[in-house]
Amino acid sequence: YQHEDPASVGNDMRMLVSDMAGRASIELKSQELGVDLGGDKELIGRIVDRVKEMESRGFTFEAADASFELLVHEEVNGKRPSFFTIEHWLTTVERAEDQSILTKAEVTVTALGKKIICTGIGNGPVNAFDNALRTGLKQLYPELEVLELTDYKVRILEGRLGTGAITRVLVETTDGKGEWNTVGVHENVIAASAMALEDALTFGLLRQGRKPE
Numbered sequence: 001y002q003h004e005d006p007a008s009v010g011n012d013m014r015m016l017v018s019d020m021a022g023r024a025s026i027e028l029k030s031q032e033l034g035v036d037l038g039g040d041k042e043l044i045g046r047i048v049d050r051v052k053e054m055e056s057r058g059f060t061f062e063a064a065d066a067s068f069e070l071l072v073h074e075e076v077n078g079k080r081p082s083f084f085t086i087e088h089w090l091t092t093v094e095r096a097e098d099q100s101i102l103t104k105a106e107v108t109v110t111a112l113g114k115k116i117i118c119t120g121i122g123n124g125p126v127n128a129f130d131n132a133l134r135t136g137l138k139q140l141y142p143e144l145e146v147l148e149l150t151d152y153k154v155r156i157l158e159g160r161l162g163t164g165a166i167t168r169v170l171v172e173t174t175d176g177k178g179e180w181n182t183v184g185v186h187e188n189v190i191a192a193s194a195m196a197l198e199d200a201l202t203f204g205l206l207r208q209g210r211k212p213e
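In terms of my numbering, the sequence shown opens at residue 1 and continues consecutively.
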């Protein structure tokens with residue numbers, strides 16, 4: 001609830017999505033993102049249930065509008081917008097005798113009926129994975145050239161489990177015209193990062209006007 005119109009003081013209203021969100025909040029948030037749910041109570045109910053179920057596993061959509069929008073598209077259209085499928089990935093970290101660290105990633109993706117095996121190096125496993133994935137996909141989707149990862153955050157959700165804890169990754173991406181945020185959750189930080197990066201690139205391609213497969 002607001003005690004005055006945000007626009008009157010130079011601000012914009014922004015709906016937040018959380019496991020406490022009800023049908024009205026979900027519908028308003030969807031409208032804010034440009035998706036009209038048409039007052040479909042059954043559809044809105046499914047989205048509410050999905051949000052609650054995923055947030056019970058550690059996901060958060062308050063700071064991941066793009067992942068939420070992809071979820072809404074999935075419920076509205078019966079399938080998730082998809083431009084590519086990550087079939088397999090492998091990361092390796094080596095320390096040389098001179099104490100330097102070399103990190104490599106190999107990612108196998110299928111897109112537009114083609115299978116591509118791409119490799120990348122980076123300053124860590126996630127950076128190497130990101131570089132490999134983008135290198136491979138840019139062969140088929142040159143629009144990805146303008147996308148840039150601008151922020152990367154990791155949060156440990158169950159610290160009492162130590163190194164076996166569940167991790168949440170939030171990624172911010174830009175195409176030079178706007179920014180969007182995506183989320184991934186997994187016991188493995190690289191797998192969580194892969195989820196967030198997959199959403200980031202998928203949403204970026206939607207913004208570029210590409211039609212999903």
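Ideal Cβ positions, reconstructed from N, Cα and C, are used throughout, including at glycine. Values in this document were obtained by computation on a predicted structure and should not be read as measured data.
Three-state secondary structure (DSSP) of residue i
i      : result
Arg80  : coil
Leu168 : The sequence shown places Arg at residue 168, not Leu. Residue state, collapsed to three classes: strand.
Gly178 : coil
Ala196 : helix
Met13  : Residue placement at Met13 cannot be trusted, given a pLDDT of 47 that sits under 50; what the coordinates show is reported in the next sentence. If DSSP states are grouped into helix, strand and coil, Met13 belongs with coil.
Glu106 : strand
Gly209 : coil
Ala191 : helix
Ile202 : The question names Ile, but residue 202 is Thr in the sequence shown. Here Thr202 sits in helix by DSSP.
His3   : For His3, the pLDDT reaches just 45, beneath the cut-off of 50, and the residue's location in the model is therefore unreliable, although a value from the coordinates is still provided. Coil, per DSSP.
Ala111 : strand
Val183 : strand
Closest Cα partner of residue i within the set the options
i      : options                        : result
Leu137 : Asp151, Cys118, Trp89, Tyr152  : Cys118
Leu70  : Glu213, Gln208, Ala200, Tyr152 : Ala200
Asp175 : Lys104, Gln208, Thr91, Asp65   : Gln208
Glu87  : Asn131, Val183, Lys114         : Lys114
Val171 : Glu32, Arg57, Ala66            : Ala66
Ile166 : Val189, Leu206, Leu149         : Val189
Lys177 : Val146, Val183, Val154, Glu32  : Val146
Trp180 : His186, Ala196, Ile47, Asn131  : Ala196
Lys153 : Thr182, Glu143, Asn131, Leu43  : Thr182
Distance between residue j and residue i (C-alpha atoms, nearest Å)
i      : j      : result
Glu94  : Phe129 : 15 Å
Val72  : Thr202 : 14 Å
Ala192 : Pro125 : 12 Å
Glu55  : Arg23  : 16 Å
Glu75  : Glu97  : 52 Å
Leu140 : Val107 : 15 Å
Ser111 : Arg134 : Checking the sequence, you will find Ala at residue 111 rather than Ser. Rounded to whole angstroms, Ala111 to Arg134 spans 12 Å at the Cα level.
Gly204 : Gly39  : 28 Å
Ala194 : Thr103 : 16 Å
Asn77  : Trp89  : 29 Å
Gly184 : Asn127 : 15 Å
Val35  : Asn123 : 38 Å
Ser82  : Glu213 : 6 Å
Leu206 : Ile101 : 36 Å
Arg46  : Gln99  : 52 Å
First through last residue of the beta strand (DSSP E) which encompasses residue i
i      : result
Arg95  : 85-95
Gly120 : 114-122
Thr150 : 148-156
Contact test: residue i Cβ vs the ligand SAH heavy atom, cutoff 7 Å
i      : result
Glu179 : In the structure shown, the ligand SAH is absent, as is every other ligand, since no ligand is present at all.
Start-to-end residues for the alpha helix (DSSP H) that takes in residue i
i      : result
Lys29  : 23-32
Val126 : 125-137
Gly45  : 41-56
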